[in-house]
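As C-alpha cells, then:
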C-alpha cells in the first residue's frame with residue numbers, strides 16, 4: 001500500500017536476465033485499477049529494448065481510464081506488443097474476439113503462423129458482430145464511460161463511509177478495485193460468511209498472491225445501482241459480523 005501498487009523499475013531491471021523472453025504488464029491494472037505513469041512506461045520500454053525482451057501490454061481496460069489515456073503501447077516501439085479485446089470495456093466476452101498490435105512485421109508473421117496452427121480461423125459470425133459493433137464504438141463508448149463513472153462514485157462513497165474498516169489505493173481506471181480490510185478478523189471466516197450468509201462474492205487477496213486482507217471488488221455488475229450498493233453494504237456487514245463474533 002505504501003508504494004501505491006506502483007511497479008518498481010529497479011526490481012524489473014534486476015530480474016531481467018538472458019533467459020527472459022517476455023515481460024507482461026496490464027494497463028490499467030487488474031485487480032488494483034492503477035495506471036502506470038507515462039514516465040515509468042517509457043523507462044520499462046527502454047529497459048526491455050536494451051535487454052532484447054519483448055514487452056506485452058494488456059490494454060483491455062484502456063478505454064476505461066478515468067483520466068487521460070496512455071498512448072497505445074505498441075506505437076512506442078517495435079518490440080512492444082499491445083493486446084485488447086471486446087470483453088471488458090465493451091461487455092462482449094461471448095463473441096471471443098480480441099486483437100494484437102505490433103510494429104515488428106517479422107513478429108507479426110510468427111503470431112499469424114501460431115494462430116493458424118491453433119484455431120485456423122475465427123468464427124465469422126463473431127467477427128461480423130465485432131465488426132458491426134466497432135462501427136458504432138465511438139457512439140457507445142461515452143455511454144459506457146458515463147455508467148462506469150456513476151458506479152465508481154458509488155464505490156468511492158462506500159469506501160469513504162467505511163474508512164474505519166477499509167482502506168484502498170483509489171483506482172485510475174477499469175471496473176475493479178482492491179481494498180484492504182483494516183479490521184483484525186478471521187479472513188477465511190469473513191469470505192465464508194460473505195458467501196453463505198450475505199450471498200455476496202469477491203476475489204480474495206490470495207488469488208493474486210497478496211494477503212487475504214485484500215479483496216478484489218468488481219463494480220461493473222450487477223445490473224442495477226441499488227444491487228451494487230447492497231452488495232457493498234453486505235461486505236461491510238460481513239466484516240462487522242466477524243468483529244462482533246470476536247467479542
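Numbering (full-length UniProt numbering), first residue to last: 1 to 247.
Where is the CB? At the ideal position from N, CA and C, for every residue including glycine.
Simplified DSSP state of residue i, which is helix, strand or coil
{"i": "residue 2", "result": "coil"}
{"i": "residue 222", "result": "coil"}
{"i": "residue 185", "result": "coil"}
{"i": "residue 25", "result": "strand"}
{"i": "residue 158", "result": "helix"}
{"i": "residue 179", "result": "coil"}
{"i": "residue 89", "result": "coil"}
{"i": "residue 127", "result": "helix"}
{"i": "residue 98", "result": "strand"}
{"i": "residue 142", "result": "helix"}
{"i": "residue 81", "result": "strand"}
{"i": "residue 232", "result": "helix"}
{"i": "residue 167", "result": "strand"}
{"i": "residue 217", "result": "strand"}
{"i": "residue 20", "result": "coil"}
{"i": "residue 196", "result": "helix"}
{"i": "residue 205", "result": "helix"}
CA nearest to the CA of residue i, picked from the options
{"i": "residue 91", "options": "243, 137, 75 and 76", "result": "137"}
{"i": "residue 106", "options": "134, 68, 187 and 79", "result": "79"}
{"i": "residue 248", "options": "104, 87, 103 and 205", "result": "Residue 248 falls outside the range modelled here, since the chain spans only 1 to 247, and no answer is possible."}
{"i": "residue 230", "options": "242, 199, 206 and 243", "result": "199"}
{"i": "residue 81", "options": "69, 93, 110 and 68", "result": "110"}
{"i": "residue 40", "options": "135, 222 and 13", "result": "13"}
{"i": "residue 197", "options": "151, 240 and 246", "result": "240"}
{"i": "residue 70", "options": "94, 36 and 130", "result": "36"}
{"i": "residue 165", "options": "238, 117 and 188", "result": "238"}
{"i": "residue 167", "options": "236, 243 and 242", "result": "236"}
{"i": "residue 206", "options": "219, 20 and 191", "result": "191"}
{"i": "residue 61", "options": "227, 220, 174 and 141", "result": "174"}
{"i": "residue 220", "options": "44, 20 and 89", "result": "89"}
{"i": "residue 1", "options": "228, 188, 171 and 222", "result": "171"}
{"i": "residue 130", "options": "29, 227, 99 and 66", "result": "99"}
{"i": "residue 142", "options": "65, 20 and 112", "result": "65"}
Beta-carbon contacts of residue i that lie in its chain and below 7 Å, excluding the five residues immediately before and after
{"i": "residue 31", "result": "176, 178, 203, 208 and 216"}
{"i": "residue 22", "result": "53, 54 and 56"}
{"i": "residue 162", "result": "236"}
{"i": "residue 126", "result": "95, 96 and 97"}
{"i": "residue 104", "result": "78 and 79"}
{"i": "residue 189", "result": "242"}
Beta-carbon proximity list for residue i, same chain, < 6 Å, skipping 5 on both sides
{"i": "residue 58", "result": "26 and 83"}
{"i": "residue 5", "result": "32, 34 and 169"}
{"i": "residue 232", "result": "158"}
{"i": "residue 101", "result": "74 and 82"}
{"i": "residue 43", "result": "9"}
Any chain D beta carbon closer than 8 Å to residue i
{"i": "residue 97", "result": "Of the protein chains in the structure, only one exists, and it is not chain D."}
Residue i CB to nearest heavy atom of the ligand SAM below 7 Å
{"i": "residue 236", "result": "Annotation note on the ligand SAM: not contained in the displayed structure, which lists no ligands."}
Close Cβ partners of residue i (< 8 Å) along its chain, the five nearest in sequence each way excluded
{"i": "residue 16", "result": "23, 47, 48, 51 and 53"}
{"i": "residue 225", "result": "150, 151 and 154"}
{"i": "residue 195", "result": "201"}
{"i": "residue 185", "result": "239, 242, 243 and 246"}
{"i": "residue 28", "result": "34, 35, 61, 62, 64, 65, 171, 172, 173 and 174"}
{"i": "residue 222", "result": "228 and 231"}
- Task: Answer yes if the region 172–182 comes into contact with the region 205–215, meaning at least three C-beta pairs across the two stretches below 8 Å, and no otherwise.
- Result: yes
- Message: Within 8 Å, do at least three Cβ pairs link the region 1–13 to the region 141–158?
- Response: no
- Check whether the region 113–133 touches the region 47–65, taking contact to mean three or more Cβ pairs, one atom from each stretch, closer than 8 Å. At 8 Å Cβ cutoff, the stretches do not touch.
- Query: Any contact of the region 155–164 with the region 65–75, i.e. 3+ C-beta pairs under 8 Å?
  - Reply: Short answer: they don't touch.
- Query: Enumerated in chain order, which unbroken segments of the beta strand (DSSP E) with a length of 3 residues or greater are wholly contained in the region 28–62?
  - Reply: You should have 54–58.
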